[in-house]
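Each residue of the sequence shown is one higher than the last, beginning at 1 in UniProt numbering.
Backbone N, C-alpha and C fix where the C-beta goes; we use that ideal spot for every residue, glycine too.
Taking it in order: structure first as structure tokens, then the write-up.
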Amino acid sequence: MESGAIADCQITSSGYLGTDSPLHSRYNSTAAWTTLHRGPPFYGNEFLEINLGNRTRVSAVRLQSHKDDTNNKVDTFWFQYSEEGLLWFDVNSNNTNTKEVYTATYSGGSAYVKLNKAIVGRYIRILPLTGSPKTYSRSLRVEFYGCQQTTDVTPAEACYEVTTKATGFSHSRSYVISPKEGAIYACMLYRPGGRAHCSRSVDFGASWEALDSVISQIGFVLPTDSSIYGTAYDERSRMKSIDGGWSWFAISEEDYTTNLALGRRAIEIPWQDFGTNNATLLCPTYGMKYNDTFTVSVDVTGLHISKDGQNKTWTLIAGWADANWL
């Protein structure tokens, strides 16, 4: 990592906080890779992924804390590995189905951890568990120790796959209210490295129905006919629904862009610690109103609805996955 033998394009992650991108995970970097601040099921499953290119035997790692905060470090962690980067296997304790959890003991600013059993694969993930300070965010810089078992893949070849996402595709949790009939559409990421799934409520959040699994993000709803525009799970294809999200058909990027200016856009809810800020305080930034009937806002626990006309009394209608903050 430190030498640059692993190229930037070979280093990815499940997400990162602020400017602490996975590129800062290199040993002796000027910062660190820091996970997003989000709770279960993400907490403990956020990952730094290295495309090793060639089949490699990894026998040890060395960890460092954040460059700017030596107290921000990873204390325990685990691994996954893969041959093609598609099917992932947990590194388990010997002769068990229980994942092996490693403990980092720091000395002189770093922690050298020898693996009980070497990991062999073309891809490897390191997944932080606990650390300091006691928060959902974890920071690390890392070096891998081992040897290549094949030498047929160059860094350039390892990086040849470039995924072109649809413009503006970034929402991992968001919602929008249809201006015409008041249906609430919400999309939520359920696991790191996965994709968002979308649901609809037509009874003020009392019940929710899953939308067609082809859709992974709702971008906006037209106020004239309630047609819904979104992006498919491949993060490229633009989709449209004219029946409330039950079925979708592909449209051109031009069609999507043209109607974007006419529609009510979904509000993206960032992964950050809202702390004690309640739905009333967050409403000016993340709230959305349906005429004089109700208003939807958010807090750390999820989506809330208010029908009092003053946005003072709120009822939880859908919970995020990160309600139990440490």
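Consult DSSP for residue i and reduce its assignment to one of helix, strand or coil.
i	result
residue 40	coil
residue 222	coil
residue 171	coil
residue 210	strand
residue 90	strand
residue 14	coil
residue 162	With a pLDDT of only 48 at residue 162, under the threshold of 50, the placement of this residue in the model should not be trusted; the figure read from the coordinates follows. Reduced to three states, the DSSP call for residue 162 is coil.
residue 3	coil
residue 323	At residue 323, the pLDDT of 41 sits below 50, so the modelled position is not reliable and the matter cannot be decided from this model.
residue 20	coil
residue 8	helix
For the alpha helix (DSSP H) that contains residue i, what are its first and last residues?
i	result
residue 284	279-286
residue 158	155-158
Taking the continuous beta strand (DSSP E) assigned at residue i, which residues delimit it?
i	result
residue 51	48-64
residue 116	110-128
residue 318	315-319
residue 139	139-148
What residues match up with residue i in a beta bridge as DSSP calls it?
i	result
residue 73	132
residue 197	188
residue 102	77
residue 217	231
residue 176	185
residue 29	Paired residues: none, contrary to the question.
residue 34	139
residue 82	123
residue 107	110
Does residue i have its Cβ less than 9 Å from a Cβ in chain C?
i	result
residue 141	The structure shown contains no chain C, having only a single protein chain.
Run the proximity test for residue i: is its beta-carbon closer than 8 Å to any non-hydrogen atom belonging to the ligand NAP?
i	result
residue 247	Among the components of this structure there are no ligands whatsoever, and the ligand NAP is therefore not found.
Completely contained beta strand (DSSP E) runs for the segment 223-305, where each covers 3 or more residues
228-232, 238-241, 249-251, 288-290, 294-298
Pairing CB atoms from the segment 235-253 with CB atoms from the segment 264-277, are three or more of them under 8 Å?
no
Does the count of Cβ pairs from the segment 140-151 and the segment 85-96 closer than 8 Å reach three?
no
Taking one C-beta from the segment 142-161 and one from the segment 53-61 each time, how about it: are there three or more such pairs within less than 8 Å?
yes
Counting beta carbon pairs with one atom in the segment 220-232 and one in the segment 244-262, are three or more of them shorter than 8 Å?
yes
Inspect the CB distances between the segment 58-75 and the segment 91-99 and report whether three or more fall short of 8 Å.
no
Do the segment 122-132 and the segment 31-50 touch if we need at least three Cβ pairs shorter than 8 Å?
Output reads yes: the segment 31-50 touches the segment 122-132.
Quick test of the definition: if touching needs 3 or more C-beta pairs under 8 Å, does the segment 207-214 touch the segment 243-252?
yes
Please determine if the segment 1-8 and the segment 20-28 are in contact, where contact requires at least 3 C-beta pairs separated by less than 8 Å.
yes
Contact between the segment 71-83 and the segment 174-188: three or more CB pairs below 8 Å?
no
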